[in-house]
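These notes concern the structure reproduced below.
Numbering (full-length UniProt numbering), first residue to last: 1 to 432.
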């Protein structure tokens, strides 16, 4: 229970009178934590009062989620500093913060060293890793102690993981035995979701689900819309994609709202994977006003969308992920079903220009503004770009131009009216 836990900060010696003590208001355990096996061994403590940073108390940098490959750290014989107030040699306790340098260890050697890890399937790919040190180890009481690696380029320490499980021997602990660490990199988006929502996504939403479920039990991102136009004054057609980014805002490409003699934008349809689906699962939302810039447009709806439809989140930082495009084609028969195509991995961790090239299927003519989404660890999905093409539809070519929505992050936030988070201490990578 939160009331039974307190946090002391700003000390390296237990009992130091200068320690700052904080009460715990909430405990957030990872949703899939397994108490028996200690799988997903991670939680967050929310303090009742904010910590004032100073010379003796500073936040640690979290490992960049985009660089999660432990095998590289093993092959290059990397090591990290592990700290804790656990038992020392002989089983005694110490008031001084201890430190040991431990080397990353491959999974096979780790399981040979601790058969119990193998029985429980540890280390689990991406979620945990092992480390070892000849003649030294961590011990009882060190659980939760961080493993820190120094980045000489950025001249800063980064938290890669923390002690989850070791092997005790009597009152002391065995040396030369692998220790299991929870890998922070896998859980970064969850940490941001709970503790740093402005870093988790651009508009600060608490959840970015990968898929929702419509009334017909289809799994899809329910926030993908198709825009309805009056064509030649007597026919409603769907001509462009849109993406719901808040309960009242739809993002699309600027070309989808340009004045045109043949068509006039009427509404946005949200809530179905079909165009001209007459089952009733789709709803039409009238447009109150439109904001535009050189490449993008935001439709401001007259009313909020249904509670069953979650907006699709926008990233607050350059990240890597598994990219997918979702789209309707122009010439497929009605009712048109949305299509999903996984595309080649993009180097989305690199800062890009406002327009970038993407290899896409060349056998369809897609509606305008095809959204490119990407997923990260767990079930977090984000919109990264919208296809830039003429209002007559995206051409059948092997490469296409996409507008990087992250380039316009500040503009989007201003239009939606979301706070920037400037009053919060956010990691530098989250500054848009």
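A virtual CB, placed ideally from N, CA and C, is assigned to each residue, including glycine.
Cα-Cα separation between residue i and residue j, rounded to whole angstroms
i, j, result
"residue 404", "residue 387", "9 Å"
"residue 115", "residue 1", "33 Å"
"residue 423", "residue 333", "Its pLDDT being 49, under 50, residue 423 is placed unreliably by the model, and nothing is read from it."
"residue 14", "residue 148", "21 Å"
"residue 176", "residue 409", "49 Å"
"residue 31", "residue 187", "11 Å"
"residue 300", "residue 414", "13 Å"
"residue 120", "residue 178", "15 Å"
"residue 33", "residue 44", "12 Å"
"residue 304", "residue 6", "42 Å"
"residue 157", "residue 306", "45 Å"
"residue 217", "residue 199", "Caution is warranted here: a pLDDT of 48 is assigned to residue 217, below 50, making its placement in the model unreliable, and no coordinate value can be reported."
"residue 97", "residue 136", "15 Å"
"residue 68", "residue 185", "6 Å"
"residue 49", "residue 23", "8 Å"
"residue 394", "residue 100", "58 Å"
"residue 171", "residue 180", "At residue 171 the pLDDT is 42, less than 50, meaning the model places this residue with poor confidence and gives no usable figure here."
"residue 226", "residue 197", "28 Å"
"residue 35", "residue 206", "25 Å"
"residue 257", "residue 193", "33 Å"
"residue 354", "residue 154", "26 Å"
"residue 412", "residue 113", "52 Å"
"residue 51", "residue 389", "49 Å"
"residue 72", "residue 134", "21 Å"
"residue 438", "residue 356", "Residue 438 lies beyond the stretch modelled for the chain, which goes from 1 to 432, so this question has no answer here."
"residue 418", "residue 191", "21 Å"
"residue 290", "residue 63", "39 Å"
"residue 260", "residue 313", "30 Å"
"residue 37", "residue 292", "52 Å"
Cβ-Cβ distance between residue i and residue j below 8 Å
i, j, result
"residue 19", "residue 8", "yes"
"residue 236", "residue 271", "no"
"residue 204", "residue 368", "no"
"residue 247", "residue 311", "yes"
"residue 407", "residue 208", "no"
"residue 241", "residue 370", "yes"
"residue 125", "residue 39", "no"
"residue 159", "residue 146", "yes"
"residue 269", "residue 282", "yes"
"residue 46", "residue 17", "no"
"residue 201", "residue 382", "yes"
"residue 224", "residue 309", "no"
Cut-off 6 Å between Cβ atoms - residues of its own chain near residue i, not counting five sequence neighbours on either side
i, result
"residue 251", "243, 245 and 298"
"residue 400", "358, 360 and 387"
"residue 376", "189 and 321"
"residue 364", "329"
"residue 70", "129"
Opposing strand residues paired with residue i [DSSP bridges]
i, result
"residue 176", "Looking at the DSSP assignment, residue 176 forms no beta bridge with any residue, so it has no partner."
"residue 296", "253"
"residue 342", "324"
"residue 284", "269"
"residue 209", "380"
"residue 240", "227 and 368"
"residue 200", "Residue 200 is not bridged to any residue."
"residue 18", "For residue 18, which the question treats as bridged, DSSP gives no partner whatsoever."
"residue 102", "80"
"residue 8", "21"
"residue 146", "162"
"residue 183", "161"
"residue 375", "322 and 381"
"residue 128", "182"
"residue 403", "355 and 386"
"residue 133", "136"
"residue 264", "230"
"residue 61", "158"
"residue 189", "DSSP, once it has assigned bridges, lists no residue as partnering residue 189."
Same chain only: Cβ atoms within 8 Å of residue i, ignoring 5 sequence neighbours per side
i, result
"residue 324", "340, 341, 342, 343, 372, 373, 374 and 375"
"residue 336", "238, 274, 275, 276, 328 and 329"
"residue 398", "359, 360 and 362"
"residue 302", "285, 286, 287 and 288"
"residue 117", "110, 111, 123, 130, 165, 178 and 180"
"residue 416", "203, 245, 246, 249 and 298"
"residue 351", "Model confidence at residue 351 stands at a pLDDT of 48, short of 50, so the residue's coordinates are unreliable and nothing is read from them."
Residues near residue i in its chain [Cβ-Cβ closer than 7 Å; skip 5 each side]
i, result
"residue 349", "For residue 349, the predicted structure reports a pLDDT of 43, less than 50, and the residue's modelled location is therefore unreliable. A value from the coordinates is still provided. 66, 318, 319 and 320."
"residue 230", "236, 263, 264 and 266"
"residue 144", "162 and 163"
"residue 122", "128 and 180"
"residue 42", "30, 182 and 187"
The segment 283-297 / the segment 324-332 touching (three or more Cβ pairs under 8 Å): no
Per the contact definition of three or more C-beta pairs closer than 8 Å, is the segment 135-152 in contact with the segment 69-82? yes
The segment 49-59 / the segment 92-106 touching (three or more Cβ pairs under 8 Å): no
Touching or not, the segment 97-106 and the segment 126-138, by the rule of three or more beta carbon pairs under 8 Å? The answer is yes - the segment 126-138 touches the segment 97-106, with three or more Cβ pairs under 8 Å.
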